[in-house]
Each structure stands twice: as C-alpha cells, then as structure tokens.
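Notes to accompany the following structure.
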Amino acid sequence: MNFYRDNKDIENLIDALDLTEVAELREEGFRFAKEYAFAPKDAADAIDNYKRAIDLCGDIMANRIAPLAEETDKVGNTLNEDGSVTRAPGMKLAIELFGGTGLMGVTIPYYLGGLNMPCTVLTACNDIVSRGDAGLMNLFGLQGIAETINSFGDEEMKKQYVPKLVTGEWTGAMVLTEPDAGSDLQSVKTTAHQDADGTWRVNGVKRFITNGCGEVLIVLARTEPEFTDGRGLSCLLVEKGPWVKVRRLENKLGIHGSPTCEMVFTDAPAKLIGLRKRGLITYVMALMNGARMGIAAQGTGIGEAAYRAAREYAASRKQFGVTIDNFPALRDILSTMSVEVQAARALTYYSAKCVDLEEGLTRKFESIKGSPEAQAVRTRMKKYAAFNKMLTPMAKYYGSEMSMRNAMSAISVLGGSGYMKDYPVERYLRDSRIATIYEGTSQLQVVAAIAGVTGGLVKTVVDDILGEGWASAHPRMAALLASLDDAVAYVKGREDAKTYHDLSARRLVDAGIALVVAALFVKLSEKGVAGKEAALWFWLNVEFPRVKAGLEVVKGGYAAQVADFETLAPAVPEAD
Amino acid sequence: MKSYNCVVCVKQVPDTKRVTGDAMKADGTINRAALPAIFNPEDKCALEAALRVKETYGGTVTVITMGLPAAKAILREALMCGADRAVLVTDRKAAGSDTLATSYILSQAVKKFNPDLVFCGRQAIDGDTAQVGPQIGEKLDCAVVTYLEKLELDGDVAIATRDIGTGVETCRAQLPALFTVTERLGELRPFLMRRVMEFKNAEPEMLDCAAIGCEDSRCGFAGSPTSVNKIESVVLAGGDFKEVSATDDGIAGLVAELVKDHTIG
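Chains as they are written, first to last, in our numbering: chain S, 2 to 577; chain B, 227 to 491.
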C-alpha cells in the first residue's frame with residue numbers, strides 16, 4: 002500500500018505542472034550539488050527526488066500511520082497532572098518516523114538539516130498525510146514553525162532551533178489566538194516587555210493553540226503598549242519551561258490526534274524574532290499563508306479519503322439486487338465527489354507552485370539586484386505575489402469546504418452505516434469541519450481573495466495557465482468570465498457598494514475559482530492526463546451553471562440580508 | 227564501548243503475495259518475469275537488527291546479496307535505510323545454486339568482511355527452506371542463533387532472545403555469531419530521505435566467485451546436489467465432514483484423534 006502510488010492524480014499533477022523552473026530557483030542553479038552528495042545535479046534529478054519524497058510519505062502513511070488513525074481518534078491526547086501532554090500513539094510514532102526520515106523539514110535548507118524542497122512537495126505530502134489521518138497534518142504541517150524561524154530569525158536562532166525541529170526531537174507551535182482575539186488578531190492582549198537586563202518576558206493567556214505542548218513556541222505579543230492595533234505586535238520565541246503552563250486540552254469535535262491547548266505565560270523568557278512591530282503585519286501573515294496552503298491540502302486529503310470510502314462501499318453494497326453504484330442518484334453524488342477532489346487538488350497544487358515561484362524569484366532578484374535581467378525577474382515575482390494573494394485563500398476556501406461536502410456525501414452514500422462509528426466516514430466529517438474555520442474562516446478567505454477577483458486578476462491567472470487568446474477556443478469559459486465582469490461592474494456601481502460588495506463577495510469568488518479550475522482542467526486534458534477531459538466536461542456542465550446562478554443572485558441586487566436583517570433573522574427573545 | 231561490524235545477507239525474491247496464473251512456467255520453475263521482485267520480508271528484519279546494533283553500539287553494516295544485476299534494487303534500498311556498504315555477488319557460475327551452494331558462496335563473501343555479527347532473514351518467501359542462514363553459519367564455523375527476536379551485546383557475547391514456538395528463550399552466544407531473524411524482531415525502518423537522494427542510482431560493489439575464493443565445483447549446478455524431481459500444484463479441498471457432539475466426551479475424542487494424526491500436539 003502506498004497513498005502516492007495508488008493515486009495517480011498526484012503524480013500526474015506534479016508532471017503536468019512542470020516544476021523545472023521551481024527546482025532551478027530552489028537549488029539556486031544546482032550549486033548545492035558541490036557541497037552535498039545528496040543534492041540534485043539538475044532539474045530532472047530534483048523532480049525525481051520530489052516524487053521520491055512524496056512516495057516515502059505515501060508509504061509511511063499507508064502502512065504505518067493510517068492503520069492507527071481510528072485508535073488515535075478514540076484515545077486522543079492526555080493532559081497529565083504535571084502539565085505535560087501524552088500524545089496519542091499514532092501521533093508519537095508519526096513524529097518519530099517523519100522526523101527520522103527527514104520529512105519534517107521538507108522546505109528547510111540543506112545546511113539546517115532539511116530537504117530544500119518546494120512548497121508544492123510539502124503540499125502533496127500534506128494531502129497524503131491528511132488522507133491517512135487529518136489530525137496528524139496539524140503536527141506535520143508545523144514545519145511552518147521551522148520555516149518561520151528560517152525566514153525571519155537570526156543565524157544563531159536558526160542554528161539553535163531549526164535542526165531539532167527537522168529531526169522531530171522538538172516540535173513547535175504558532176501561538177496566536179486568545180480568548181478575545183480570534184479572527185481579529187490585532188486585538189491580542191498578551192504582552193512582552195524587556196526586564197532590567199534586557200530579556201524579553203511574555204505574559205498572557207492563549208487559547209486554541211495547536212501543539213501548544215511543543216518545545217518551540219512562536220508567540221504573538223504586544224511589545225508596543227502605545228499601539229493598540231496590529232502595529233504594536235511582535236513575534237517572540239519562547240522555549241517550553243516552567244513559565245508556560247498548559248492548563249487545558251480542548252475537547253474537540255474532530256482532529257483528535259492534534260493537541261489543542263490553552264496556555265498561560267508567566268514572565269516567560271523570550272527571544273525577539275526579526276524586528277519589533279512586524280509580528281502580525283509581516284511574520285504572522287507569512288506563517289499564515291503557508292498554513293493556509295497546508296489546510297487547502299488537508300481538505301484535499303480528507304476529501305480524497307471520503308471519496309474512496311464512498312466509492313468502495315457503493316461498489317459492494319447491494320440493494321434491490323444490484324450494487325448501489327448503479328443508481329443514477331448515487332452516480333451523481335460519487336462523480337461530484339471525484340471531480341471536486343480533483344478540482345481542489347489542481348487548484349491547491351497550482352497555488353503551491355505559484356508560491357514557490359514567488360519565493361524563488363524573490364531570492365533570485367535579491368541575488369542579482371542591479372543586473373540587467375533583474376527587472377524582468379522582479380516583474381514576474383510581483384505577478385506571482387499578486388496571484389498568491391488571491392490563489393492561496395481560494396485554495397484554502399475551496400479545499401476545506403470541499404472536504405466537508407465530500408465527508409457529508411460519503412455519509413449519504415453509506416447511509417445508516419455511515420452514521421455509525423464502524424466506518425471512518427463520520428470521522429472524516431468531524432475532522433473536516435475545522436478546516437473551514439482555522440487559519441482564517443471561509444468568510445475571511447473570501448475577504449482575502451475578493452480584491453483579486455474584482456480587480457480582474459482571474460483573467461490574468463487563466464492567461465498564465467492557458468496563454469492569452471484562450472477565449473475563442475473556450476467560449477463557455479469566456480461567457481462565465483463575462484458574467485463575472487458584469488456582476489463585478491454591477492456591484493461597483495451600486496450606491497451601497499461597500500456593503501453589497503461584502504455581501505456578494507462569496508458568490509464572486511466562487512465564480513473566480515470555477516474559472517481557474519476550468520483552466521487547470523483544460524491544461525491537464527491538453528497534456529493528456531487521464532480523466533481530465535471528463536472532469537472538465539462535468540465542470541462546465543455542472544459547476545459552471547451553479548456559480549452562474551450565484552452571479553445572477555448578485556446581479557439581482559437583493560440585499561435584504563443586510564437591509565432587512567432584523568425581519569429575516571429576528572433576534573432571539575430574552576428568556577422570561 | 228565496543229562497536230560491531232555487521233554483515234546482512236539479503237535476497238531479492240518474487241512477490242509471492244501477488245501470484246497470478248502466469249507465476250509458474252510449464253517446466254515447474256518460477257516465471258520471475260510475471261512477478262514483481264521485492265526485498266525478502268524477513269531479510270528486511272535482518273537488516274533492521276543490524277541497523278539497531280549500529281545505532282546502539284556503533285560500527286558498520288554491510289549488505290550482501292547473491293543474484294542477477296536486477297538485485298541491485300534491494301541493495302539500494304538497504305543503503306537508503308542506513309547500510310554503509312552494499313555488495314552484489316554475481317556470476318554465471320552461481321546459476322542453479324541450491325541452498326548448499328548458495329550458502330557456500332555467501333559464506334565466502336561474508337568472510338571477506340570479517341564481521342562480528344551476521345544476520346539473515348529466517349527464510350525467503352520463494353523457497354521457504356530456512357536452510358541458507360544456518361548453513362552459512364556452519365561454513366563460518368560460528369555460533370548460530372535462529373528465530374531471533376531481540377538482541378543485546380555485551381563485549382564478545384550476544385544475549386539473544388529467540389522464538390521457540392511455544393514461547394521465547396534467551397541464550398548467550400560467543401561472537402562472531404550468525405542470527406536468523408523473524409518478523410517478530412520488528413519492521414524495517416523507513417528510508418532516510420537524504421540517503422534516498424544520495425543512493426537512488428548507487429552502484430553496489432560487484433564481486434564474482436573468483437574474487438571471493440570460491441571453488442568452481444562447489445558453485446551453481448556443479449555444487450548443488452538438490453534436483454527437483456517434480457512440482458505439483460496441491461489444491462486443498464474440503465472433504466467429508468464429521469459431526470462432533472458438543473459434550474466433553476465428544477470434544478475429548480476429537481482432540482485424541484487430532485493428536486493421533488499429528489494435527490496438534
């Protein structure tokens with residue numbers, strides 16, 4: 002069993018996306034091959050390594066971790082009296098195995114113990130991990146902690162912390178949320194001040210912290226009391242110690258393998274990461290964008306698991322003398338599930354590749370600044386930076402919402418059996434539910450993506466995928482794009498433009514996503530990837546009309562949800 | 227603390243879990259082309275045993291296989307898991323070797339590396355003889371511990387726990403010693419990704435029979451007294467049934483009968 006080899010969609014996408022340029026940028030012209038025997042010598046060598054890393058992940062997940070997922074879900078993690086946390090058995094083993102193999106440092110540079118691979122590879126691994134155990138992705142995905150230290154910490158800090166995070170000896174946590182600061186992180190109250198000898202000290206309470214029991218904590222705290230908003234926040238590194246107390250493990254609906262902690266910091270000694278005041282504005286946003294790609298992949302993986310469970314059951318369950326996958330209603334559900342997983346995967350991996358291009362081009366630009374070719378590199382870097390502001394939230398939004406729909410559909414296919422704990426699909430539903438909430442809710446992803454959609458970026462992205470001039474060959478896509486443009490123009494022209502824009506944003510973003518996915522399906526079917534032409538045809542005939550109906554709602558101008566809110570959603574009367 | 231040099235003998239075998247109708251040729255020999263070739267499962271456990279010795283006490287792990295050049299694939303896997311050296315003994319003269327000739331050739335190769343410990347899988351899934359390991363030990367003239375589950379080392383002495391069917395026994399063996407290992411020792415660790423990158427195209431050291439000082443008369447067909455007379459496909463089918471009354475007497479009678487025909491006991 003191997004979750005990579007039994008799912009050709011992953012390899013097909015890696016091939017079709019062509020990571021040659023990504024590999025060249027990542028390996029900085031393959032200069033590392035001189036220093037490290039294992040570093041790739043050319044792009045083909047690097048891409049072969051990428052596939053082998055995903056293959057190794059697929060092997061570990063299928064054979065060693067996924068079989069423990071049910072037990073992990075049942076047992077969860079335990080908070081001991083001394084404040085320590087005992088991990089679920091599957092999680093403990095996974096950290097040991099992934100740390101031991103080197104897969105806890107996929108994107109980390111070689112000199113810090115990592116594999117120096119792109120975000121696209123980490124994304125594929127997150128997809129596979131989440132298919133086996135969604136809760137594990139929250140720990141596996143904490144590679145972002147090492148990545149944040151690598152990106153913004155000083156050299157001493159990098160060398161002190163990153164290698165141990167890569168081996169799994171230490172794990173980390175991003176410590177942002179507080180009881181009164183969830184989506185609105187600007188209002189973080191935890192403070193950090195410098196004591197007489199200049200040491201930073203952190204005080205405050207944090208809540209809903211994934212793996213807060215880890216050894217390396219990146220804490221968002223207010224270092225500038227004179228600013229009450231995001232400008233007053235910095236990132237600090239706190240090591241586990243008596244100054245941090247995990248006082249509660251949350252009792253959650255799903256992802257039971259992931260320990261979610263409530264923590265108290267009391268005069269915790271800390272090290273400043275990077276510059277003061279940049280905590281939220283720069284560092285957390287970078288960390289968050291990486292985490293959002295992780296959740297997009299997590300949604301894809303859960304959606305894949307749900308589809309497989311449903312498809313397999315439907316092929317064996319007999320009713321009225323035939324297997325239930327013979328019934329058109331079931332075929333509709335299963336086809337939708339299959340195509341939506343493919344859509345999420347295509348969108349997520351493509352978004353990851355754009356993240357890699359932005360990062361690689363940025364690094365290249367820094368190294369050739371002032372040279373004649375620098376300007377062209379900068380232009381492309383900025384193009385992908387703009388793409389990512391729209392594509393990353395789109396992928397997170399679509400992937401997570403899809404996982405919920407697929408888990409729900411899987412229960413429909415399994416019927417009464419799906420409602421029972423005997424099958425994993427009820428776990429998929431419980432696990433999927435959080436994906437639309439953390440790292441920014443679906444509503445916040447829409448807020449992040451809408452500027453690109455109303456600014457005409459969807460067409461630019463489709464141009465990038467298919468090359469300009471695609472419209473004549475793909476009239477249905479051109480028509481949907483025209484409808485989207487009409488709807489955007491209508492929104493902008495209204496008197497209550499600001500309110501109506503916010504009210505309509507989701508439907509506009511849905512249409513944008515449908516177009517980007519259609520372009521990816523076109524591209525993949527042009528490259529001869531099996532099944533993609535059928536997926537495209539489904540998409541044009543089923544998903545396009547659905548999002549078009551949404552655009553009709555927008556153009557209809559109905560805004561009573563806001564204007565007549567009290568009538569439509571009457572306040573709950575006070576109890577007698 | 228003393229460190230130890232380990233040699234692991236491994237074999238590439240057809241994946242007998244995926245047997246199809248084409249698995250056997252008309253002459254009764256295995257149609258290797260129809261079956262994917264894999265790392266013999268218990269040999270993986272033998273490698274794990276050696277890697278644990280290296281991890282705990284230090285030293286080296288050398289992996290040896292005898293076979294066709296295609297067997298390089300499992301040697302690369304061994305390197306990816308942490309083995310230090312990989313050696314392929316390949317020679318036309320070795321073709322047709324039975325367990326006696328195989329163990330002779332392998333013992334000659336093992337001697338070249340002068341190990342403290344030699345590990346073999348208990349048996350290979352194609353032949354299922356479980357003879358090669360002990361026969362190598364006999365030719366090395368060292369202690370042989372079969373069915374190894376757990377191993378500790380104390381100077382020149384191995385403290386080995388072995389499966390004896392009805393339980394386990396712990397015994398001491400003077401080094402050098404040879405161990406045959408079962409799956410109860412534990413699963414082979416996954417690849418280390420950096421080693422995958424480094425060794426994916428690695429070429430193992432190649433040795434032929436002459437290089438390890440083999441006498442031609444003891445290799446291949448010449449050195450193999452075994453000849454396969456006939457191979458039959460035995461299909462076990464249900465026959466008559468016998469009703470046993472659900473009483474103490476009925477069950478005692480059944481047990482006595484099964485003991486008598488050696489099904490149990």
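Glycine included, each C-beta is placed from N, C-alpha and C at the ideal position.
Kindly indicate if chain S contains any beta-carbon less than 7 Å away from that of residue i.
{"i": "V422(B)", "result": "yes"}
{"i": "M419(B)", "result": "yes"}
{"i": "P402(B)", "result": "no"}
{"i": "P416(B)", "result": "yes"}
Can the beta-carbon of residue i be found closer than 7 Å to that of residue j?
{"i": "I219(S)", "j": "Y399(S)", "result": "no"}
{"i": "K397(S)", "j": "Q446(S)", "result": "yes"}
{"i": "G449(B)", "j": "A327(B)", "result": "yes"}
{"i": "E268(B)", "j": "R348(B)", "result": "yes"}
{"i": "P360(B)", "j": "V370(B)", "result": "yes"}
{"i": "G213(S)", "j": "M175(S)", "result": "no"}
{"i": "T349(S)", "j": "A298(S)", "result": "yes"}
{"i": "A310(S)", "j": "V426(S)", "result": "yes"}
{"i": "S443(S)", "j": "I303(S)", "result": "no"}
{"i": "M118(S)", "j": "N127(S)", "result": "no"}
{"i": "E29(S)", "j": "A44(S)", "result": "no"}
{"i": "V234(B)", "j": "V289(B)", "result": "yes"}
{"i": "A272(B)", "j": "C346(B)", "result": "yes"}
{"i": "L418(B)", "j": "G103(S)", "result": "yes"}
{"i": "I282(S)", "j": "G231(S)", "result": "yes"}
{"i": "L221(S)", "j": "G280(S)", "result": "yes"}
{"i": "Y373(B)", "j": "T408(B)", "result": "yes"}
{"i": "L552(S)", "j": "A512(S)", "result": "yes"}
{"i": "A386(S)", "j": "E359(S)", "result": "yes"}
Can you give me the C-alpha to C-alpha distance between residue i and residue j, rounded to a whole angstrom?
{"i": "L177(S)", "j": "G91(S)", "result": "26 Å"}
{"i": "Q376(S)", "j": "D357(S)", "result": "19 Å"}
{"i": "Q187(S)", "j": "I146(S)", "result": "20 Å"}
{"i": "L57(S)", "j": "M423(B)", "result": "12 Å"}
{"i": "V206(S)", "j": "I274(S)", "result": "20 Å"}
{"i": "K319(S)", "j": "F328(S)", "result": "11 Å"}
{"i": "L362(S)", "j": "D16(S)", "result": "21 Å"}
{"i": "A306(S)", "j": "A449(S)", "result": "28 Å"}
{"i": "C236(S)", "j": "R223(S)", "result": "9 Å"}
{"i": "L652(S)", "j": "V86(S)", "result": "Any property of residue 652(S) remains undetermined from this structure, which presents chain S solely from 2 to 577."}
{"i": "D497(S)", "j": "A506(S)", "result": "14 Å"}
{"i": "E71(S)", "j": "R406(S)", "result": "21 Å"}
{"i": "L14(S)", "j": "Y351(S)", "result": "9 Å"}
{"i": "K319(B)", "j": "Q400(B)", "result": "34 Å"}
{"i": "T324(S)", "j": "G416(S)", "result": "14 Å"}
{"i": "A125(S)", "j": "I55(S)", "result": "7 Å"}
{"i": "R431(S)", "j": "A482(B)", "result": "54 Å"}
{"i": "S323(B)", "j": "A350(B)", "result": "15 Å"}
{"i": "V285(S)", "j": "A309(B)", "result": "42 Å"}
Using beta carbons (cut-off 7 Å, strictly below), is residue i in contact with chain B?
{"i": "A54(S)", "result": "yes"}
{"i": "G103(S)", "result": "yes"}
{"i": "F539(S)", "result": "no"}
{"i": "N50(S)", "result": "yes"}
{"i": "F141(S)", "result": "no"}
{"i": "F4(S)", "result": "no"}
{"i": "I61(S)", "result": "yes"}
{"i": "A70(S)", "result": "no"}
{"i": "L57(S)", "result": "yes"}
{"i": "L116(S)", "result": "yes"}
{"i": "L14(S)", "result": "no"}
Does the region 156 to 167 of chain S come into contact with the region 185 to 197 of chain S, if we say contact requires no fewer than three beta-carbon pairs (one atom in each stretch) closer than 8 Å?
no
Inside the region 465 to 502 of chain S only - beta strand (DSSP E) runs reaching at least 3 residues
none
Is it the case that the region 465 to 473 of chain S contacts the region 513 to 530 of chain S, given that we only count it when at least three CB pairs across the two stretches are under 8 Å?
yes
Is it the case that the region 333 to 349 of chain B contacts the region 230 to 250 of chain B, given that we only count it when at least three CB pairs across the two stretches are under 8 Å?
yes
List in chain order: all unbroken alpha helix (DSSP H) runs of 4+ residues lying wholly within the region 46 to 133 of chain S.
70 to 76, 90 to 102 and 120 to 133
Can you list, in chain order, the stretches of the beta strand (DSSP E) that have 3 or more residues and sit fully within the region 300 to 358 of chain B?
311 to 315 and 343 to 347
Scan the region 363 to 424 of chain S and note each continuous alpha helix (DSSP H) run of 4 residues or more that stays entirely inside, going in chain order.
375 to 415 and 417 to 420
May I have a chain-ordered list of the beta strand (DSSP E) segments no shorter than 3 residues that lie completely inside the region 227 to 281 of chain S?
234 to 240, 245 to 250 and 261 to 273
Count the CB pairs spanning the region 64 to 80 of chain S and the region 103 to 123 of chain S that are closer than 8 Å, and state whether there are at least three.
no
Count Cβ pairs between the region 557 to 575 of chain S and the region 481 to 501 of chain S that sit closer than 8 Å; are there 3 or more?
yes
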